[in-house]
Each structure stands twice: as C-alpha cells, then as structure tokens.
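Enquirer:
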Amino acid sequence: MAAAFELSHPRHGGRYEITVYQMGFRLGGKGASGRGTANRIEEHGLHLWMGFYENAFRLMRECYAELGRDARVCPIADWKDAFVPAPHVGVTERSSEGRWYPWVAHFPPGHGMPGDPLTEKNPFTVRGYMVRAAQLVVELLRAAEEKRDPRASGEAFGYRSGWPSMAGEGSVVDAIDRLLKYGQLATMTALLEAAELLRSAMQILFPRLSRPSTPADLLIRLVDAVAVSAERQIGALVGGDGELRRVWELIDLVLSILRGCLRFGLAFHPAGFDAIDEHDWRDWLRMNGASESALDSAFMRGIYDLMFAYEDGDVTRPRFAAGVALRGALRMFFTYRGSLFFRMTAGMGDVVFAPIYEVLKRRGVSFQFFHRLRDVSLVPAERVPPGERPWVERLTFDVQAEIVGGKEYEPLVDVHGLPCWPSYPDYRQLVDGERLAQEGRAFEGHWETRSAGTKILQVTDDFDLVVLGVGLGAVPHVARELIERSPAWKDMVTHVKTVATQAFQIWMTADMAELGWESAPVNISGFVEPFDTWADMTHLIPAEGWRGGTRSIAYFCSVLPDPRLVVWPEDREYAAARHAEVREHAVRFLNHDIGWLWPKAARVRGEFRWEVLTDEGASERGKEGEARFDTQYWKANVDPTDRYVLSLPGTTRYRISPLELTFDNLTVAGDWTASGLNSGCVESAVMSGLLAAHAIAGSPRLEDIIGYDHP
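Counting from 0, one number per residue, gives the positions in the sequence shown under numbering that gives the first Met the number 0.
#1: Using the three-state DSSP reduction, which class does K146 fall into: helix, strand or coil?
#2: Near P389, what residues of its chain come up, given a Cβ to Cβ distance below 6 Å and the 5 sequence neighbours on each side ignored?
#3: L243 and A132: beta carbons closer than 8 Å?
#4: Going straight from the alpha carbon of Y423 to that of V637, what length do you get?
#5: Mind reading off the beta-carbon distance from R34 to P410? Whole number of angstroms is fine, and I expect it under 8 Å.
#6: Which of the three DSSP states, helix, strand or coil, is assigned to F156?
#7: For M22 and G439, I'd like the C-alpha separation in whole angstroms.
#8: Excluding five sequence neighbours on each side, which residues of the same chain lie with their C-beta closer than 8 Å to the C-beta of V225?
#9: To the nearest angstrom, report how far apart L660 and V391 are at their CA atoms.
#10: Please name the residue or residues paired with C419 in a DSSP beta bridge.
#11: Tell me, please, whether the region 520-537 touches the region 82-89 by the rule of three or more beta-carbon pairs shorter than 8 Å.
#12: Quick one: what does DSSP say H445 is sitting in, helix, strand or coil?
#13: Report the three-state DSSP secondary structure of M306 (helix, strand or coil).
#14: Taking buried to mean at least 16 other C-beta atoms within 10 Å of its own C-beta, is R330 buried or exposed?
#15: According to DSSP, what are the bridge partners of L665?
#16: Please list the terminal residues of the continuous beta strand (DSSP E) segment that includes E61.
#17: Quick check on the burial criterion: 16 or more other C-beta atoms within 10 angstroms. Buried or exposed for D703?
#18: Give me the Cβ distance between V350 and I593, rounded to the nearest whole Å; I'm assuming they're in contact under 8 Å.
#19: What would DSSP say about A3, mapped onto helix, strand or coil?
#20: V172 and L217: beta carbons closer than 8 Å?
#21: Considering only residues of the same chain and omitting the five flanking positions on each side of L117, which have a CB-CB separation below 7 Å?
#22: Between F51 and V414, what straight-line distance do the alpha-carbon atoms span, to the nearest angstrom?
#23: Just tell me which of F503, G30, G363, G649 has its CA closest to the CA of H46.
#24: Classify P354 as buried or exposed, calling it buried when 16 or more other Cβ atoms lie within 10 Å of its own Cβ.
#25: Flag this pair as touching only if the region 638-649 and the region 433-451 have three or more C-beta atom pairs under 8 Å; answer yes or no.
#26: DSSP on A151, reduced to helix/strand/coil?
#27: Could you tell me the distance, in whole angstroms, from the CA atom of N590 to the CA atom of H110?
#28: Can you look up E291 in the DSSP assignment and give me helix, strand or coil?
#29: Could you tell me if S338 is buried or exposed, where buried requires 16 or more neighbouring beta carbons within 10 angstroms of its beta carbon?
#30: Does DSSP put G452 in a helix, in a strand, or in coil?
#31: Taking the C-alpha atoms as reference points, what is the distance between S296 and E248?
#32: Exposed or buried, which one is V403 when buried takes at least 16 other CB atoms within 10 Å?
#33: Measure the alpha-carbon distance for E625 versus E583 and round it to whole angstroms.
#34: For the structure I just gave you, are there three or more beta carbon pairs, one from the region 5-13 and one from the region 601-615, closer than 8 Å?
#35: Using 10 angstroms around the beta-carbon of Q504, count the other beta-carbons present and answer buried if the total reaches 16, otherwise exposed.
#36: Identify the residues that DSSP records as bridge partners of C556: which are they?
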C-alpha cells in the first residue's frame, strides 16, 4: 500500500495506471482486521505503533489530510483521532519462588510528534545514537544515586563543573587522561562526573572523528572505567532492591552497547549496524561486557518477545540479529516522538487500510479483490538478449469469486460513521454468493483452492511493471521460477525464516481494577508462555457496538511453535488443528497464569472466572465454564502469508532489496525485504514500499526515507 500510495501521488501527474490484486476481500496482510460479533474488532494479533515510525506516521498523516473527513460525521477524521499515546510500558520478572511480578514504567512524551519535519541534523545515525546512550548513562546513574544508600559522596578531582562547558577537543582528551590516571573512581560523585565527561566526549570529540583513532580507544577506556566503578558502587549494592537492580541492569546494557559500538567501529563501518548481524544480540552484548544477570533481565526478554525472536517458535531458542536489534532498540528509546507507543482507536484495518483504500480509489487506483496470485512467470531464458535481465512475462491468478454485474467489489461497511472492513465478505456482491457462504469458502486461506476461474495477465498487454507485495511465506509458492533462475532469491527463501504466531482477544464485564490490575492501561511483554505479551485495549469499547455490559478488553499474543513440516496446500486439516491448539493454550493460560497479572480474575488457583467474559451478540449465549471462551476471538497465524518474518543472526544479508532489480520489470515490497530496518513491523513495511516506489519512479528520494542508512 505504501508503494501504491507513492506511485499514485499527484506529483507524478497520473503517469502510472495502478491495479492492486488482492487475495480475499480485504487489504492489510498481517495488519488486516475485521468487524465481527457486535461490531467487535478482530485483529490478526496485537498491533501497536511506536513513536519512531517516522515514515509510517508521515504516510498516515498525509493520507488523512488528503481524505479530508468531516469530524461532525466520522469519529476518526484526523490522524490524531486515529492514534493516541500509550506511555505505560511494562515487563514481568519471575522471583526465585516462581512468582511473576509486573514492572511498569511511564515514558515521558518525546519532543514533537512522529512525522513532524526534522528540525535538527539527522538523529538516525550511529553517532547520534551513541551521544544519546551516553546521556542515558548519566540519567540512569542519577536515578541509581537517588535509590541507593547515600554513603557515596565527596569531591571528584576538583573539576566537576568543567565537563558540560568544554568546547575543545584537546581539553576533553586531557580531562579523560587525567581522570584515567586516578584509576578507580572512588565515590558516586566521581562516577557521575566521569559519566558526564563521557557524555561531553561523545558530543564534542566523537562526532568530529572521521575514522577509528586513538581518541576512540580513549573513549573505550573511559567506558570501561565507568563500568567498573558502576559495578562496584551500584551492582554490588543491589541486594533485594528490585528497582535498583533494574536500573543497574540497564546501566550495564547501555555501557555494553557503547563499548561494542566503539570496539566494532560501527560509526565508521560502511555497513553500519549490519556489520554485527552475524551475531545474536545477547551474544554480542556478552562479548562486550554485559553481565549474565543483565542479559537475562526482563528488559531483554521483553525485546525478544516483542519481535517474536524465537527460531521455529521455540522459546528455548532465542535468536535475534545483533545489528537489527541494536538499531531497533536505539531508535525505539532515543528517537521516539510524542509517545514511546501509540494505540489505534479502532482496528488496524479501520485506522490504516480503510483510509489508504479510500485515498487510492480517489486517485484512480483499481482494486481487484478475490484474486489469489498463483504464479509469477519469467520470459524463457533463451529469449533474453545477451547482457539484459530477464523480465516477468506473465501473472496467473485464481479468481476466487466473481462480482455481480462485473462491478468492482465494495469492501467497506459503516460502523458508527466509520468505514471499516468486516470479518467476512459481503456474499450479496458475489455471484452465487449464497452457495459460497454455505460452502464456507476460506478466501484468505492458503489451503482454499476452489475458484471461479483463472485470469492470466501478459506483459505489455496488461502490465509493464510488477510490485510483488505478498508475505515472505508465500514467495516459494508463487515465485518458483524466480527462485530457480536467481541464486539470490534462492538464498533468500532458504535463509530468511518466518514463524507462526498466536493471539486471542477477550471482552469482559469487569473492569481491570475489579480483576486486580492496579496500574494504568499498559502494554506488557516478557510474561510467561504461551502468551508472553498483553495489552489493555479497553479504550476500544466506544468504537465497537456494545450496549454497556462490556467494561474491559484484553489482547494477548506470542509465537506459536512449529510442530512439524507442513506441505501446503495438501495438508487441509493443519490450520483447523492449530486453531484448536491456540484455544487450548488460551484456556490453560487464563486458568493458570493470568492470576499473576490479574489476581482477582480467578476464584482459586487454576480456575479463571469464566463468567466475566462477555457473550453479548454470540450465536450461543449462556455458556458456562471454559465453554464460554468460545464466544471470544482467537487466531492461529499459520498461513504462509500470516507468518511473522524473523531477523535471525546471519540472515539479513540474504534479504532482497526493492532496489535490486534482478528481474527487469519487478520489484518487491514487504517487511521481509532489505528495508533499512530489516524487522517485522509497520515501519519496515512502509520503508520497503517507499524503496519499491523509488525503484520504479525515482521518488521519493532515498535521503527522504527517514532512517534509511544503507549505501
């Protein structure tokens, strides 16, 4: 959609005639959502936007501005109506007795809002991140000083007030030399001053370096001195103080990041963060001095959970490419604007894909729903002139259903004045729609092979250029010739992996306080499997159709382990079996684990209060016990296009860039490509779409894609 949005932009003067071919009845892929029972929002999983999603927010802001909705009629007329700050973020920790405890932090608003014009020098650089990391060390040490026993005090070598005002490179180097001569930093005051010096050195000295040099080595020695002193004065005093321990773990991790960036010369390396993608993030931090306690901290587990970073969905095999993880973490914490996270005020389909669809329709983009791509065919090798690249000659689609009267399918429904996607197609618009409904056609299912016919598009007759925007899991099924003809494509599908995910949503007649949650609405990760991530989504109640009985909403998600090799589409029972498995996981989780977060949600240990689940609008009301869960919503994301794309160590170099035109008239778009972020998220997908548009039209300029730092 980002590629189509850019290529249809008025700046191109209608140069491109664009048709979107979409399997099933709605847009969005892994971001698709629908309206089900009582107009409740049913998502693919838990979707939150981060405050560093500069490109994605810029696209949505432009989209809403062009759409120009009337706020008197539509409840979500402006982008600020669509996205609201979610500043409370948490992780969970497990005690030695096996109890789980939440740790919730409030992140203050960042300056400005995501998508605002950048008013300063590009902050999305390794050097910029390092300056911010050094500042964070100072702030964390001050926080630790407030929490620890105030025994550490005293003067620090007589130059405490000098660091922030230093302007000369020589004075900074001299100050570091003098400080290091003293060896240990004996007091907390001395440690704080050393950290201030480190911050000043990063601001003054490091940005002026054009290559690794002796001053960079000096900075490493200063980081080491701060780390040793912090370990002695804070780490050794943690004891049973959980808050102080968490602060110390963060100090430990940030200092390890600074040390690693300096040791590996990432600010000067032509590959930037990608230079360390061969390493797992934990392994890389360990080799740069991080303690085992910090590596096993709730913060680290939360990051791995957030990115579903478990090979084959096996939580005993956490693996995350160090460069991808580091880039994402630094952007997440140091460049967010407005809020660390944002919640959407309706479903992602309603807030994101419906407005994009409406704008693209106004621009003249054509949408062909119910078209399942079956094959991308290349020109035979013998017909490719010497020195030229092969090209896509033919596209073959299964036409899943025909539209009555040959019209274009109208996909949206009105919910309280808001255009939304339904959870099911409008069979009234389909030829033989009643029969298709009775047959239970799964238009979005990979295993659903029944169709109303075939459509074949030929190059020059029907198309000139192709943007392949399917999910990575579908590529081996629809692009077999591309994989056979290109070693790069073969390497990509061999090495870049995906993982299944699972999610469920529940609507309850009790509010969160009545369930025992005493904090603000929160997003929590790092919890117990099988559902390690939870978000309080109660704010969605007004956007749905409840009559007053629903008082809270909760979303849960996590990886779903792959139990065996699946052959698609022959294994027709696989999806149904995994769907039942997710139900089993959710019921067990609610019975045995949710009590750690919601202590009043269970009558006794191992027995959830099933009566708190709303059954309003359900086809079968009055169910009791665990059977009441059947009135809720859950999903096993096991279809090839539904699977989440992993960033495993050693694999990002196999990602294909939208700029690499291996085939003359084809580019790619998706969060599985070399997007510059290389992780499974909205921002990565949007950046990839912008790169695909650039590959075709030369617009947008690469320097206008925020945070794109690849050569």
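No residue lacks a Cβ here, since even glycine has one placed at the ideal position from N, Cα and C.
Computed from a prediction, not measured in an experiment: that's the story for all the values here.
Expert: With the given structure in hand:
#1: By 1-based counting over the sequence shown, the position of residue 146 is 147. Of the three classes helix, strand and coil, the one that applies to K146 here is helix, per DSSP.
#2: Counting from one through the sequence shown, the residue named residue 389 turns up at place 390. If we look at P389 and ignore the five residues flanking it on each side, its Cβ neighbours are L377, V378, V383, F662.
#3: Within the sequence shown, residue 243 is the residue found at index 244, counting from 1. Within the sequence shown, residue 132 is the residue found at index 133, counting from 1. Not a contact, by the Cβ cut-off of 8 Å.
#4: Residue 423 sits at position 424 when you count from the first residue of the sequence shown. Residue 637 sits at position 638 when you count from the first residue of the sequence shown. Approximately 19 Å between the Cα atoms of the pair.
#5: Your numbering for residue 34 matches position 35 in the sequence shown. Your numbering for residue 410 matches position 411 in the sequence shown. About 12 Å; that fails the 8 Å criterion.
#6: Against the sequence shown, residue 156 aligns to sequence position 157. Note that F156 scores a pLDDT of 33, beneath 50, so its modelled location is shaky; the value from the coordinates is reported in the next line. In this structure, F156 counts as coil in the three-state DSSP scheme.
#7: Numbered from its first residue, the sequence shown carries residue 22 at position 23. Numbered from its first residue, the sequence shown carries residue 439 at position 440. Near 16 Å, if we compare the C-alpha coordinates of G439 and M22.
#8: Taking the first residue of the sequence shown as 1, we reach residue 225 at position 226. Excluding sequence neighbours, V225 sits near V136, L184, L190, A193, A194, L197, L254.
#9: As a position in the sequence shown, residue 660 is number 661, starting the count at 1. As a position in the sequence shown, residue 391 is number 392, starting the count at 1. Using only the alpha carbons, I get a separation of about 11 Å.
#10: Here residue 419 refers to the residue found at position 420 when the sequence shown is read from its first residue. The partner list for C419 (beta bridge, DSSP) reads V412.
#11: yes
#12: In the sequence shown, counting from the first residue as 1, residue 445 sits at position 446. Coil at H445, not helix or strand.
#13: Locating residue 306 in the sequence shown gives position 307, where the first residue counts as 1. Coil at M306, not helix or strand.
#14: Within the sequence shown, the letter at position 331 stands for residue 330. With 16 or more Cβ atoms within 10 Å of its Cβ, R330 is classed as buried.
#15: Locating residue 665 in the sequence shown gives position 666, counting from the first residue. In DSSP, L665 forms a bridge with V465.
#16: By 1-based counting over the sequence shown, the position of residue 61 is 62. Not the beta strand (DSSP E): E61 falls in the alpha helix (DSSP H), residues 53-66.
#17: Start at 1 with the first residue of the sequence shown, and residue 703 comes out as number 704. D703 is exposed by the Cβ-count criterion.
#18: Position 351 of the sequence shown holds residue 350. Position 594 of the sequence shown holds residue 593. The Cβ separation is near 28 Å, so there is no contact.
#19: Taking the sequence shown and counting its residues from 1, one reaches residue 3 at position 4. Looking at A3 - three-state DSSP - the assignment turns out to be helix.
#20: Taking the first residue of the sequence shown as 1, we reach residue 172 at position 173. Taking the first residue of the sequence shown as 1, we reach residue 217 at position 218. Contact flag set, yes.
#21: Against the sequence shown, residue 117 aligns to sequence position 118. Nothing meets the Cβ criterion.
#22: Taking the first residue of the sequence shown as position 1, residue 51 is located at position 52. Taking the first residue of the sequence shown as position 1, residue 414 is located at position 415. Their Cα atoms are separated by approximately 30 Å.
#23: Here residue 46 is taken as the residue at index 47 of the sequence shown, counted from 1. Here the closest residue by C-alpha is G30.
#24: Here residue 354 refers to the residue found at position 355 when the sequence shown is read from its first residue. Classification of P354: buried, given that the 10 Å Cβ count is 16 or more.
#25: yes
#26: In the sequence shown, counting from the first residue as 1, residue 151 sits at position 152. Only weak support is given to the placement of A151: the predicted model assigns it a pLDDT of 43, under 50, and the question is left unresolved by the model.
#27: Your numbering for residue 590 matches position 591 in the sequence shown. Your numbering for residue 110 matches position 111 in the sequence shown. About 42 Å.
#28: Within the sequence shown, residue 291 is the residue found at index 292, counting from 1. Looking at E291 - three-state DSSP - the assignment turns out to be helix.
#29: Taking the sequence shown and counting its residues from 1, one reaches residue 338 at position 339. S338 is buried by the Cβ-count criterion.
#30: By 1-based counting over the sequence shown, the position of residue 452 is 453. If DSSP states are grouped into helix, strand and coil, G452 belongs with the strands.
#31: Position 297 of the sequence shown holds residue 296. Position 249 of the sequence shown holds residue 248. Taking the straight line joining both Cα atoms gives about 7 Å.
#32: Along the sequence shown, one-based indexing puts residue 403 at 404. Exposed, since its Cβ has fewer than 16 Cβ neighbours within 10 Å.
#33: In the sequence shown, the residue the question calls residue 625 occupies position 626. In the sequence shown, the residue the question calls residue 583 occupies position 584. When rounded, the distance between both Cα atoms is 10 Å.
#34: no
#35: The count along the sequence shown starts at 1 and reaches residue 504 at position 505. Its Cβ being crowded by 16 or more others within 10 Å, Q504 is buried.
#36: Indexing the sequence shown from 1 puts residue 556 at position 557. DSSP lists A502, T532 as partners of C556.
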